[in-house]
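Below you'll find the structure, written out as structure tokens, and then a few comments.
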Amino acid sequence: MPLPPSQKNSTPLNLLLRVPCSVFTMYAHIALLPILLSTVVLGSPLTRRESSPSTGQPTLIADITPYQDPARWAQAAYCTPKVGDTVNTAEVLWTHGDGTNVPLAYVAYSATKNRIVVSHQGTNTSSFESIENDLKANAVAPNSDLVSCLPSGSEVHLGFQETWDATGAAILSQVKSAQQLYPSASVLITGHSLGAAIAALDSAYFSCHGVDATTIIFGQPRTGNYVFSQSLNLQHVNNGKDPVPHLPPHGDDYWHSPGEVWISPANSNSLVACPGSENVNCAWSVPFYDYSTSDHLGTYAGVKIDGRGNC
């Protein structure tokens, strides 16, 4: 049921659901959905569309082990690692952030995997400053650091961009320093929830500064518009009926990139690769009334990501 143009930016539900991605606010969103259902159907296309959701059939992923280390490193970002700590075979080389206004991020090196790891913490739901990063849901033009890394016409989530900007250049510098020490090492970028959105921006930034990185992220909210999303080369893993990948709502301002991996049933080892973007046969297929907030802090390829609860 498309929105009439006159309602596109003014409906209560549209305004409400432009607030993404903390577990606290998700509960409020879902509780209020039945009251506002008469206004708009969640996930409905908006009036203008650059493209249509993919209808390709997902394929089963036979080997889920490539997702397990990234999930472990994503979880570790919630646990305030310090320089010199070992997190899943990787020695922490550098950290930044206070876990509130600036989510913790770390750079580490795993000799076992010969891999440089970048990981970002998700929302700290006990911190208003952290939640505020999610609430700034306006889609805006890329800032001066990102604009040369993204196609013309790109827009990104204001709060995610501001949060990324607090660490983006410093992390790139640390990764390049690590590459001088370990020139044959691969680079992995990961994160969960808000951390996944920041990692997606890292992915674009690293690419245009000559760093070849693999990006595997978990429970990512939509981070930018169609033009932005189609420029990304990453995998984003959605767990079952998690509401966060559906926020902010799909439309002109927000669109997921290709590379969706969907875990269904939730918390299982059944992972499928979803062709295209916003694939109607994957997370898109979950009706809003069936969302489960517990799937956001869930089990990804056999690895529990539970925020501070799993430290």
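Numbering follows the working numbering, with no gaps: position 14 of the sequence shown is 2.
Just so you know, even glycine gets a beta-carbon here, dropped at the ideal spot from N, CA and C.
What you are looking at is a predicted structure, and each value in this text was computed from that prediction instead of being measured.
Spatial neighbours of residue i within its chain, please: CB distance less than 6 Å, with the 5 preceding and 5 following residues excluded, ordered by chain position.
{"i": "residue 226", "result": "233, 250 and 271"}
{"i": "residue 16", "result": "Because the pLDDT at residue 16 is just 39, under 50, the model does not fix this residue reliably, and the value given afterwards should be weighed accordingly. No residues qualify anywhere along the chain."}
{"i": "residue 300", "result": "In the structure as shown, the chain starts at -11 and stops at 299, and residue 300 therefore has no counterpart that could be examined."}
{"i": "residue 102", "result": "173"}
{"i": "residue 318", "result": "Outside the displayed range of the chain (-11 to 299) lies residue 318, so it cannot be described from this structure."}
{"i": "residue 193", "result": "137 and 156"}
{"i": "residue 269", "result": "46"}
{"i": "residue 242", "result": "210 and 236"}
{"i": "residue 99", "result": "none"}
{"i": "residue 73", "result": "80"}
Near residue i, what residues of its chain come up, given a Cβ to Cβ distance below 7 Å and the 5 sequence neighbours on each side ignored?
{"i": "residue 71", "result": "80, 81, 82 and 83"}
{"i": "residue 67", "result": "299"}
{"i": "residue 88", "result": "112, 115, 117 and 118"}
{"i": "residue 261", "result": "46, 47, 49 and 249"}
{"i": "residue 154", "result": "90"}
When the distance is taken between beta carbons, is residue j closer than 9 Å to residue i?
{"i": "residue 288", "j": "residue 94", "result": "no"}
{"i": "residue 265", "j": "residue 244", "result": "yes"}
{"i": "residue 166", "j": "residue 97", "result": "yes"}
{"i": "residue 118", "j": "residue 91", "result": "yes"}
{"i": "residue 221", "j": "residue 141", "result": "no"}
{"i": "residue 125", "j": "residue 145", "result": "yes"}
{"i": "residue 204", "j": "residue 182", "result": "no"}
{"i": "residue 136", "j": "residue 196", "result": "yes"}
{"i": "residue 108", "j": "residue 202", "result": "no"}
{"i": "residue 180", "j": "residue 293", "result": "yes"}
For residue i, list the residues DSSP reports as bridge partners.
{"i": "residue 223", "result": "204"}
{"i": "residue 292", "result": "287"}
{"i": "residue 217", "result": "According to DSSP, residue 217 bridges with nothing at all."}
{"i": "residue 262", "result": "248"}
{"i": "residue 48", "result": "260"}
{"i": "residue 84", "result": "93"}
{"i": "residue 302", "result": "The first residue shown for the chain is -11 and the last is 299, placing residue 302 beyond what the model contains."}
{"i": "residue 75", "result": "78"}
{"i": "residue 107", "result": "94 and 178"}
{"i": "residue 212", "result": "144"}
Quick one: is the Cβ of residue i within less than 8 Å of any heavy atom of the ligand COA?
{"i": "residue 263", "result": "Summarising the ligand content, the structure contains no ligands, and the ligand COA is consequently not present."}
Could you give the distance in angstroms between the alpha-carbon of residue i and the alpha-carbon of residue j?
{"i": "residue 86", "j": "residue 207", "result": "22 Å"}
{"i": "residue 247", "j": "residue 52", "result": "15 Å"}
{"i": "residue 13", "j": "residue 163", "result": "In this predicted model, residue 13 has a pLDDT of only 42, less than 50, meaning its place in the structure is not dependable enough to derive any value."}
{"i": "residue 24", "j": "residue 237", "result": "Confidence in residue 24 is poor, its pLDDT being 29 and thus under 50, which makes the residue's placement too unreliable to answer from."}
{"i": "residue 77", "j": "residue 263", "result": "32 Å"}
{"i": "residue 75", "j": "residue 63", "result": "10 Å"}
{"i": "residue 151", "j": "residue 218", "result": "22 Å"}
{"i": "residue 215", "j": "residue 295", "result": "31 Å"}
{"i": "residue 41", "j": "residue 169", "result": "43 Å"}
{"i": "residue 255", "j": "residue 283", "result": "7 Å"}
{"i": "residue 209", "j": "residue 198", "result": "26 Å"}
{"i": "residue 235", "j": "residue 187", "result": "17 Å"}
{"i": "residue 39", "j": "residue 267", "result": "12 Å"}
{"i": "residue 191", "j": "residue 106", "result": "10 Å"}
{"i": "residue 281", "j": "residue 231", "result": "6 Å"}
{"i": "residue 127", "j": "residue 110", "result": "20 Å"}
{"i": "residue 65", "j": "residue 104", "result": "15 Å"}
{"i": "residue 297", "j": "residue 120", "result": "21 Å"}
{"i": "residue 11", "j": "residue 69", "result": "Since pLDDT at residue 11 reaches only 40, below the 50 mark, its modelled position is unreliable, and the value read off the structure follows with that caveat. If you take the alpha carbons of residue 11 and residue 69, they lie about 23 Å apart."}
{"i": "residue 286", "j": "residue 200", "result": "29 Å"}
{"i": "residue 160", "j": "residue 171", "result": "15 Å"}
Excluding sequence positions up to five away, which residues of its chain have a Cβ less than 8 Å from the Cβ of residue i?
{"i": "residue 278", "result": "229"}
{"i": "residue 253", "result": "228"}
{"i": "residue 189", "result": "134, 144, 148, 149, 152, 156 and 211"}
{"i": "residue 44", "result": "262, 263, 264, 267 and 269"}
{"i": "residue 258", "result": "48, 251 and 252"}
Output the residue ranges of the beta strand (DSSP E) runs that lie fully inside the region 128 to 196 and measure 3 residues or longer, sorted by chain position. Taking only runs of at least 3 residues, the beta strand (DSSP E) segments lying wholly in the region 128 to 196 are 174 to 179.
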